[in-house]
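J.:
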Amino acid sequence: MKLDLLSTLNAERAARRAAVLVTDVEGGGQRLVREAEIAGDPMADVLRERLRLGRSGMVEADGRRLFLTVQVPPVRLVVVGAVHVSQAMIPMARALDLDVTIVDPRTAFATPERFPGVPLFAEWPDEVLPRLGLDRYTAFAALTHDPKIDDPALAAALRSECFYVGALGSRKTHAKRVARLAAAGFDEGAIARIRAPIGLSIGAVSPAEIALSILGEIVAALRLGPAGAQAEA
Amino acid sequence: MLATDDEILRQAEAWKRGGRNVAIATVVETWGSAPRPVGSHLVIDGEGNFLGSVSGGCVEGAVVTEALDVIESAKPRILEFGVADETAWQVGLSCGGRIKVYVEPLE
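Set out below in structure tokens:
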């Protein structure tokens, strides 16, 4: 591999942009296709499918055996609510290689003592979230249970490309939330992106179990795609 | 601490810029139960220092040895490990899987 190719690959990852390295393992040729360049590439369909799955692998093209190194940005989890469930989620999310960020304007909750070593924003979500840039490699969960905080956060998440949007609360709570979001101008399709009640149905009781069910649902959305995750639910 | 693929490739770049010779090994195919997924990296410098893994410990030693040859010859090669392979009987995958590893010099 040429050093400048590796540099570009590393720079793309640091900028949270996907890229695919195409290596002719028999002939030795190599090229890098950035996410933005895929549409114009002769292998566009294959590259797009690989990117969606986030999976590296061998393919055949024009009688050549090519290895595709698929690089997608580290998956990020933005949680609104510095609550007990979020605390339980931190070590599990780390084990899953998710970069977690916590947002909660209530300064009594959002303390480094409660969340050591975690990026923490004691600010209103509608101010922080656009700044964080929720991209398609970001999962979002609203866990405060307080509409004053969760609603503007969900509004920001629904306007973003993030691959998962979940909100804590019972069916009844969610029905009221749906009405408020509809009144705020979100259409049915947008509101349907919200996974609520949040988490896989595993009968979770304790904060750790709820954290597990949420993370399970996030992994399903990541690996199966939104349609797959809905079907599994 | 476990090194993620991010850190591994950043380290490879840093090593090269620091003047070391570097080879990158990548798992390109697996059959049966293989301990590390396709796309996993191991990076090796000219002194035999390495970071990452291609098999969870079973064949790293052999990959490092081959990587030193790759650095020397500046030519990529493909290695195969598995129970069907005679050399793999010595440095093989105890899980019974088979893996193909592409080793290339960083130029």
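For the protein sequence lines, the chains are W and Y, in the order given.
Everything in the first sequence is counted per the UniProt record's numbering, starting at 1 for the first residue and increasing by one.
Everything in the second sequence is counted per the UniProt record's numbering, starting at 1 for the first residue and increasing by one.
The C-beta atom is built at its ideal place from N, Cα and C for all residues, glycine as well.
Note that the structure is predicted; figures quoted are calculated from it, not measured.
Can you give, in chain order, each stretch of the beta strand (DSSP E) that sits fully within the UniProt domain "XdhC Rossmann" (77-218) of chain W and has at least 3 residues?
T.: The qualifying runs are 99-103, 138-142, 164-167.
J.: Taking the alpha helix (DSSP H) that D5(Y) falls in, what are its first and last residues?
T.: What you label residue 5(Y) is simply residue 5 of the second sequence in a count that begins at 1. Element bounds for D5(Y): 5-17.
J.: With a cut-off of 9 Å, does the C-beta of G28(W) fall near any C-beta of chain Y?
T.: Counting from one through the first sequence, the residue named residue 28(W) turns up at place 28. Yes, contact with chain Y.
J.: List, in chain order, every chain Y residue whose beta-carbon is nearer than 8 Å to that of L9(W).
T.: As a position in the first sequence, residue 9(W) is number 9, starting the count at 1. Correct list: L9.
J.: Measuring only between beta-carbons, confirm whether D45(Y) sits less than 9 Å from chain W.
T.: Translated into the one-based positions of the second sequence, residue 45(Y) becomes position 45. Cβ-Cβ to chain W under 9 Å: no for D45(Y).
J.: Which residues of the region 14-46 of chain Y have a Cβ closer than 7 Å to any Cβ of chain W? Give them in chain order.
T.: Residues passing the 7 Å Cβ filter: K16, I24, T26, V28, E29, V38, G39.
J.: To the nearest whole angstrom, what separates the beta carbons of R193(W) and L158(W), a pair I think is in contact under 8 Å?
T.: By one-based count along the first sequence, residue 193(W) stands at place 193. By one-based count along the first sequence, residue 158(W) stands at place 158. That pair is a contact at about 6 Å.
J.: DSSP on E35(W), reduced to helix/strand/coil?
T.: For the purposes of this step, residue 35(W) is taken as residue 35 along the first sequence, with counting starting at 1. E35(W): helix per DSSP, three-state reduction.
J.: How many whole angstroms separate the CB atoms of L9(W) and L21(W), which I take to be in contact at a CB cut-off of 8 Å?
T.: Within the first sequence, numbered from 1, the residue matching residue 9(W) stands at position 9. Within the first sequence, numbered from 1, the residue matching residue 21(W) stands at position 21. Sure, about 6 Å apart at Cβ, within 8 Å.
J.: Work out the CA separation of R177(W) and A211(W) for me, nearest whole Å.
T.: Numbered from its first residue, the first sequence carries residue 211(W) at position 211. Numbered from its first residue, the first sequence carries residue 177(W) at position 177. Going from the Cα of A211(W) to the Cα of R177(W) covers about 22 Å.
J.: In or out: W15(Y) buried (at least 16 other Cβ within 10 Å) or exposed?
T.: The residue given as residue 15(Y) occupies position 15 in the second sequence. W15(Y) is buried by the Cβ-count criterion.
J.: Beta-carbon of E72(Y) versus every beta-carbon of chain B: anything under 9 Å?
T.: Any reference to chain B falls outside this structure, whose protein chains are W and Y.
J.: Is there a Cβ from chain Y that is less than 9 Å from the Cβ of T101(W)?
T.: On the first sequence, position 101 is the one that residue 101(W) refers to. No, T101(W) does not count as interfacial toward chain Y.
J.: For G46(Y), I'd like the list of residues in its chain whose CB is within less than 8 Å of its CB, leaving aside the five on either flank, ordered along the chain.
T.: If you number the second sequence from 1, residue 46(Y) lands on position 46. Excluding positions up to five away in sequence, the list reads R20, N21, V22, L68, I71.
J.: Taking F81(Y) as the reference, which of A74(Y), K75(Y), C58(Y) has the closest Cα?
T.: In the second sequence, counting from the first residue as 1, residue 81(Y) sits at position 81. The shortest Cα separation from F81(Y) among A74(Y), K75(Y), C58(Y) belongs to C58(Y).
J.: Give the residues of chain Y in contact with L6(W), contact being defined as C-beta atoms less than 7 Å apart.
T.: As a working mapping, residue 6(W) is identified with position 6 in the first sequence. Here the neighbours are L9, A12, E13, L106.
J.: Kindly indicate the opening and closing residues of the beta strand (DSSP E) around E72(Y).
T.: For the purposes of this step, residue 72(Y) is taken as the residue at position 72 of the second sequence. Run containing E72(Y): none in the beta strand (DSSP E); it sits in the alpha helix (DSSP H), 60-73.
J.: By the three-class DSSP mapping on this structure, what secondary structure does residue 281(W) have?
T.: The structure shown does not extend to residue 281(W), since chain W is modelled only from 1 through 233, so no value can be given for it.
J.: Can you list, in chain order, the residues of the region 47-60 of chain W whose Cβ is nearer than 8 Å to any Cβ on chain Y?
T.: Those would be R55, S56, G57, M58, in chain order.
J.: Is the beta carbon of V70(W) less than 9 Å from the beta carbon of A141(W)?
T.: Against the first sequence, residue 70(W) aligns to sequence position 70. Against the first sequence, residue 141(W) aligns to sequence position 141. For V70(W) and A141(W), no; Cβs fall outside 9 Å.
J.: I need the straight-line Cα distance from A34(Y) to K75(Y), nearest angstrom please.
T.: Indexing the second sequence from 1 puts residue 34(Y) at position 34. Indexing the second sequence from 1 puts residue 75(Y) at position 75. Approximately 26 Å, taken between the alpha carbons.
J.: Do T30(Y) and I99(Y) have their C-beta atoms closer together than 9 Å?
T.: To locate residue 30(Y), count along the second sequence from 1; it is residue 30. To locate residue 99(Y), count along the second sequence from 1; it is residue 99. Yes, they are a contact pair.
J.: Specify, as a first and last residue, the run of the beta strand (DSSP E) that R65(W) falls within.
T.: The sequence position of residue 65(W) within the first sequence is 65, counting from 1. Counting along the chain, the beta strand (DSSP E) containing R65(W) begins and ends at 64-71.
J.: How far does the alpha helix (DSSP H) with R13(W) in it extend, from its first residue to its last?
T.: Indexing the first sequence from 1 puts residue 13(W) at position 13. 3-14 is the extent of the alpha helix (DSSP H) around R13(W).
J.: Check for me: the beta strand (DSSP E) holding D41(W) runs from which residue to which?
T.: Here residue 41(W) is taken as the residue at index 41 of the first sequence, counted from 1. No beta strand (DSSP E) holds D41(W); DSSP gives it neither H nor E.
J.: On the DSSP bridge assignment, give the partners of R98(Y) in chain order.
T.: Locating residue 98(Y) in the second sequence gives position 98, where the first residue counts as 1. For R98(Y), which the question treats as bridged, DSSP gives the partners W31(Y), G82(Y).
J.: How would you list, in chain order, the residues of chain W whose beta-carbon sits under 7 Å from the beta-carbon of I99(Y)?
T.: Stepping through the second sequence from its first residue, residue 99(Y) is reached at position 99. Residues of chain W passing the Cβ test: none, with the nearest at roughly 12 Å.
J.: Is it buried or exposed for E60(W), if we count other Cβ within 10 angstroms and need 16 for buried?
T.: Against the first sequence, residue 60(W) aligns to sequence position 60. Classification of E60(W): exposed, given that the 10 Å Cβ count is below 16.
J.: So, does the CB of T138(W) fall closer than 9 Å to a CB anywhere in chain Y?
T.: Here residue 138(W) refers to the residue found at position 138 of the first sequence. Closer than 9 Å: no.
J.: Could you round the C-beta distance between D6(Y) and P74(W) to whole angstroms and report it? I think they count as a contact, below 8 Å.
T.: Reading the second sequence from its first residue, position 6 is the one you call residue 6(Y). Reading the first sequence from its first residue, position 74 is the one you call residue 74(W). At roughly 7 Å, the Cβ-Cβ gap stays under 8 Å, so D6(Y) and P74(W) are in contact.
J.: Would D69(Y) count as contacting chain W if we go by Cβ distances under 9 Å?
T.: The residue given as residue 69(Y) occupies position 69 in the second sequence. Chain W contact via Cβ: absent.
J.: Between G52(Y) and chain W, is any beta-carbon pair separated by less than 9 Å?
T.: Here residue 52(Y) refers to the residue found at position 52 when the second sequence is read from its first residue. Judged by the 9 Å Cβ criterion, G52(Y) is not in contact with chain W.
J.: Just checking: is the beta-carbon of M92(W) within a distance shorter than 9 Å of some beta-carbon in chain Y?
T.: As a first step, residue 92(W) must be located in the first sequence, where it is residue number 92. Judged by the 9 Å Cβ criterion, M92(W) is not in contact with chain Y.
J.: Please list the terminal residues of the continuous beta strand (DSSP E) segment that includes L21(W).
T.: For this step, residue 21(W) is matched to residue 21 along the first sequence. L21(W) -> beta strand (DSSP E) spans 19-24.
J.: Ends of the beta strand (DSSP E) at residue 109(Y)?
T.: This structure leaves residue 109(Y) out entirely; chain Y is present only between 1 and 107.
J.: In this structure, does DSSP put R77(Y) in helix, strand or coil?
T.: In the second sequence, residue 77(Y) corresponds to position 77, counting from 1. The answer is strand: DSSP assigns R77(Y) an E or B state.
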